[in-house]
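Numbering (the working numbering), first residue to last: 6 to 443.
Glycine residues also receive a C-beta, built at the ideal position from the N, C-alpha and C atoms.
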């Protein structure tokens, strides 16, 4: 198998030292559920150290919370948490090549489930796999149907808007078509309100926007998003065959630049959140539910709304997208694989674990029978999904090696160093060269 590894753009290294042991007097109330592979529960008397290597610094406190809680369940288990923002993929690749694969490591889901398959424990028969929602379990499964990943969280991708600014501009209905979006832009600017806050300095926001247009293109072609992406990877499809990609996507990007905050290539994720939270713009592009807490730290009273992107003249194609795009992997050759699996069985099935996602990490749970966090976006997601389907998590059908190149190409496009036609040609080439693990 040709190895390709996810690329992540981060800039900080956080190394958590070995957590000191604390008393284990709550084991009866917080016992682990299920077994750890065929060998059953791991020996609870010998000291065990699990090395966990991730690229999600936003969940540092939440990870440390469940590590501390697990000490009460298994006092003999110490979890060494290492979180790297800069060059995570490069470092992970070098560790695997050197034969020092961490006991737990992070990758993207979808195509990268296969990329790292030979290093990943098969979790198909574990209680944690049974606990996953059907959609999330699919995101964690290989092309052979084996569950090889653990979801960090459920996710939600959509266009985020400020309800009060739309109301101020006299917009009574969130735009669901391109024409409605253009009308909303005119009304906002008539009131002196900037329509879009962008974070186009980040390569990864581009894939979040683009997948909504991929879903619409697939629908127009009467095929699944997965089949459409695979046809691009195989070199059997072109943008020219799909006007939603060749025209609508680029027109949308052009609108967000023309009617967005200044210097888009200098605005990173934090700047975008600040722009939106402080009322400088009505819409946020390229982001998801993970931003709500950051927005509300700046403006606790902001009135947030969510909606699908207006991708065409068909309102029914403006869908929010849900699923799981990040995965933890358990090293199948780890000397503590059984103990590691037992730990995650506990997290995904215990009462503590079911509440950890919403109550501690404050993310959308990727497991069944778990409460939603007390946040606006997940609550609105639940209401929306009662009346319309979720869009397909199309980013999972390509590797992040492709997505990073895609983001860089789009940055070059809006920076003016290459034309739309050149950008399209380069994206099509990148899909063939970088889109698949095979």
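Boundaries of the alpha helix (DSSP H) around residue 183: 183-195.
Note: residue 334 is bridge-paired with 110 in the DSSP secondary-structure output.
Of the candidates 352, 165, 296, 427, the residue whose Cα lies closest to the Cα of residue 287 is 165. Taken through DSSP and simplified to helix, strand or coil, residue 313 comes out as coil. DSSP places residue 222 outside any beta strand (DSSP E); the residue lies instead in the alpha helix (DSSP H), whose first and last residues are 209-225.
Contact check for residue 221 and residue 316: beta-carbon distance about 4 Å, within the 8 Å limit, so the pair qualifies.
In this model, residue 419 and residue 259 are separated by some 8 Å (Cα to Cα). Residue 60 sits in coil when the DSSP states are folded into three classes, being neither helix nor strand.
If you ignore the 5 residues before and after residue 428, its C-beta comes within less than 6 Å of the C-beta of 414, 418, all in its own chain and listed in chain order. Membership of residue 162 in the beta strand (DSSP E) is indicated by the continuous run 160-162.
Counted as a single uninterrupted DSSP element, the beta strand (DSSP E) harbouring residue 327 occupies residues 326-328. Residues of the same chain with a CB within less than 6 Å of the CB of residue 67, apart from the 5 flanking positions on each side, are 365, 366 in chain order.
Looking only at 72, 399, 423, 64, the smallest Cα-Cα distance to residue 237 is reached by 399. Nearest in C-alpha terms to residue 403, of all of 257, 380, 433, is 433. Just so you know, the alpha carbons of residue 349 and residue 323 end up roughly 36 Å apart.
The way I'd put it, the stretch 127-141 doesn't touch the stretch 265-283; fewer than three beta-carbon pairs between them come closer than 8 Å. Taking 8 Å as the cut-off, the Cβ atoms of residue 112 and residue 202 do not count as close.
Using a Cβ-Cβ distance cut-off of 8 Å, the stretch 326-341 and the stretch 100-109 are in contact, since at least three pairs of beta carbons, one from each stretch, lie closer than that value.
For residue 53, the pairing in a beta bridge is given by DSSP as 82.
DSSP places residue 293 in the strand class (E or B) of the three-state scheme.
Around the beta carbon of residue 320, fewer than 16 other beta carbons lie within 10 angstroms, which makes this residue exposed.
The stretch 302-313 makes no contact with the stretch 76-89, as fewer than three CB pairs between them are under 8 Å.
As a beta-bridge residue in DSSP terms, residue 125 pairs with 336. For the pair of segments examined, the stretch 380-396 was found not to touch the stretch 180-191: the number of CB pairs separated by less than 8 Å stays below three. In this structure, DSSP gives residue 260 a helical state, which the three-state scheme calls helix. Of the residues 426, 405, 441, 422, the one whose Cα lies closest to the Cα of residue 211 is 405. Here residue 380 is actually not in contact with residue 431; their C-beta atoms are around 38 Å apart, not less than 8 Å. Taking a contact as a CB-CB distance under 8 Å, the pair residue 118 and residue 147 counts as one, their CB atoms being some 5 Å apart. Straight-line measurement puts the Cα of residue 302 at about 41 Å from the Cα of residue 232. Its Cα nearest to that of residue 311, the residue 326 stands out among 193, 229, 326. Residue 369 sits in a strand when the DSSP states are folded into three classes.
According to the DSSP assignment, residue 202 belongs to the beta strand (DSSP E) that extends over 199-202.
The alpha-carbon separation between residue 59 and residue 194 amounts to approximately 42 Å. Under DSSP, the beta-bridge partners assigned to residue 146 are 152. Measuring C-alpha to C-alpha distances from residue 318 to each of 208, 181, 372 identifies 181 as the nearest.
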